[in-house]
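Let me begin by presenting the structure, written as C-alpha cells, before commenting on it.
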Amino acid sequence: MTTHRLKSVLMATVVAAGAFCSVASQANTLDAIIKVGEEKTAAAKQSQAKIDRLAEEARDLLTDYKTVMKQVDGLKVYNARLQRQIDNQERRIADIDESIDEVTVIQRQMMPLVIRMIDGLDQFVELDVPFNLDERRARIEFLRDNVDRSDITVAEKFRQVLEAYNIELQYGRGMETYSDTIELNGVTRDVDFLRIGRVSLVYQTTDGEESGVWNPETKSWDSLPSGDYAAAIRKGVRIAKKQATIELLNMPVAAPEAN
Numbered sequence: 260m261t262t263h264r265l266k267s268v269l270m271a272t273v274v275a276a277g278a279f280c281s282v283a284s285q286a287n288t289l290d291a292i293i294k295v296g297e298e299k300t301a302a303a304k305q306s307q308a309k310i311d312r313l314a315e316e317a318r319d320l321l322t323d324y325k326t327v328m329k330q331v332d333g334l335k336v337y338n339a340r341l342q343r344q345i346d347n348q349e350r351r352i353a354d355i356d357e358s359i360d361e362v363t364v365i366q367r368q369m370m371p372l373v374i375r376m377i378d379g380l381d382q383f384v385e386l387d388v389p390f391n392l393d394e395r396r397a398r399i400e401f402l403r404d405n406v407d408r409s410d411i412t413v414a415e416k417f418r419q420v421l422e423a424y425n426i427e428l429q430y431g432r433g434m435e436t437y438s439d440t441i442e443l444n445g446v447t448r449d450v451d452f453l454r455i456g457r458v459s460l461v462y463q464t465t466d467g468e469e470s471g472v473w474n475p476e477t478k479s480w481d482s483l484p485s486g487d488y489a490a491a492i493r494k495g496v497r498i499a500k501k502q503a504t505i506e507l508l509n510m511p512v513a514a515p516e517a518n
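Written out as C-alpha cells, the structure is:
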C-alpha cells in the first residue's frame with residue numbers, strides 16, 4: 260500500500276515536472292517568436308523609412324528634372340533667337356564690307372570731282388556780278404585749303420563744296436545792301452551797294468550825288484543819271500535794310516542779248 264502510494268506520488272511529480280518543462284519550453288518559444296516579430300517590425304520600419312526617403316528623393320529629382328527641362332527649353336528658344344541675330348549681324352557685316360569696298364572706289368573718284376567743283380566755283384565767282392568778292396573768294400580759298408587736309412573726310416569736303424554752291428544759289432534769290440568802297444575816276448569813294456538777285460547791282464555814294472550800275476558786258480561800272488535812279492536806289496537800300504515796305508522799283512537792268 261505504501262509502495263503504491265509512493266509510486267503515485269513519484270509519477271505525479273514526474274508528470275508535474277514534465278508539464279513545467281513543457282510550459283517553460285513553450286514560454287521560451289513564444290519569447291523567441293515575439294522577438295523575431297519585433298525584429299521584423301523594426302526591419303519593416305527601417306525599410307519603410309528607407310522607401311519614404313527614396314520616394315522623397317525621387318520626387319525631388321523629378322522636380323529638379325522638370326525645372327532643368329524648362330530651363331533647357333528656354334535656352335533653346337534664347338539660342339535660336341541669338342542665332343538669328345548672329346545671322347543678321349553676319350549679313351550686315353558682309354554688306355558693310357561691300358560698302359567699304361565701294362566707298363574706297365567712290366573716294367578715289369570724289370576727290371577729283373571736288374577739285375573740279377572748286378575750280379568751277381572759282382571761275383563762276385570771277386565771271387559773276389562783283390558783289391561781296393572778298394567774302395566769296397575767302398570761301399573758295401577755305402575750300403582749297405581743306406582739300407589737302409588729312410583730318411577732314413572726303414564726305415565732309417564734298418559737303419562743304421555743296422554748301423558753298425548753295426550759298427551762291429541763294430545770292431540769286433534775295434535783295435541785299437552793304438557798304439564798301441569803289442574807285443570812281445581815280446578817286447576812292449564810300450558807297451552803298453544794292454544787289455537785287457543777280458539781275459542788278461547798283462551803287463550810290465553816301466552823299467547821294469552819284470549812282471552807277473555794273474555792266475556785265477563791259478565788266479565795268481556805268482554812271483546813272485541821278486534824277487532817274489537816285490530815289491529808287493535809296494528806296495531799295497531802305498527796303499533791303501527792312502526799313503521800308505516792299506514795292507516796285509525802277510532799276511537799271513541789262514537787256515538780254517538778241518539771238
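Residue numbers (this note's numbering): 260 to 518. Cβ coordinates follow ideal geometry from the N, Cα and C atoms, glycine included.
Between which two residues does the alpha helix (DSSP H) containing Ser-485 stretch? 485-499
Going by C-alpha distance, which of Asn-347, Val-388, Thr-322, Glu-435 is nearest Ile-498? Glu-435
Residue burial classification, Gly-471 (beta-carbon count within 10 angstroms, cutoff 16): buried
Quick check: what's the CA-CA separation for Lys-299 versus Ala-308? 14 Å
Which stretch, first to last residue, makes up the alpha helix (DSSP H) that contains Asn-425? 413-430
Exposed or buried, Ala-414, counting other C-beta atoms within 10 Å across all chains shown (16 or more means buried)? exposed
Report, in whole angstroms, the separation of the C-beta atoms of Leu-402 and Val-388, which I expect to be a contact under 8 Å. Not really, about 21 Å apart at Cβ, beyond 8 Å.
Answer with buried or exposed for Gln-463, where buried requires no fewer than 16 other C-beta atoms within 10 angstroms of its C-beta. Buried, by the Cβ-count rule.
Ile-377, buried or exposed, once every other Cβ within 10 Å from all chains shown has been counted against 16: Around the Cβ of Ile-377, a 10 Å sphere holds 16 or more other Cβ atoms; the residue is buried.
Quick check on Ala-517: buried or exposed, where buried means 16 or more other Cβ atoms within 10 Å of its Cβ? Residue placement at Ala-517 cannot be trusted, given a pLDDT of 49 that sits under 50; what the coordinates show is reported in the next sentence. Ala-517 comes out exposed.
Straight-line gap, Trp-473 to Pro-511 (C-alpha atoms, nearest Å): 9 Å
Please report whether the beta-carbon of Asp-410 lies at a distance below 8 Å from any beta-carbon of chain B. Structure shown: chain B not included; a single protein chain is present.
By the three-class DSSP mapping on this structure, what secondary structure does Phe-401 have? Three-state DSSP puts Phe-401 in a helix.
Nearest-angstrom beta carbon gap, Arg-395 and Val-384 [assumed within contact, 8 Å]: 5 Å
Can the beta-carbon of Leu-453 be found less than 8 Å from the beta-carbon of Val-461? yes
What is the rounded straight-line gap between the Cα of Lys-501 and the Cα of Arg-493? 12 Å
Helix, strand or coil for Asn-474? Go by DSSP, reduced to three states. strand
Rounded to a whole number of angstroms, what is the C-alpha to C-alpha distance between Val-496 and Glu-422? 27 Å
Between the C-alpha atoms of Arg-312 and Ile-293, what's the straight-line distance to the nearest angstrom? If I take the Cα positions, the gap works out to 28 Å.
Can you tell me the Cα-Cα spacing of Ala-301 and Leu-334, whole angstroms? 49 Å
Taking a contact to mean a Cβ-Cβ separation below 8 Å, would you say Glu-469 touches Ser-485 in this structure? yes
Who are Ser-438's beta bridge partners in DSSP? Beta-bridge partners of Ser-438 (DSSP): Asp-451.
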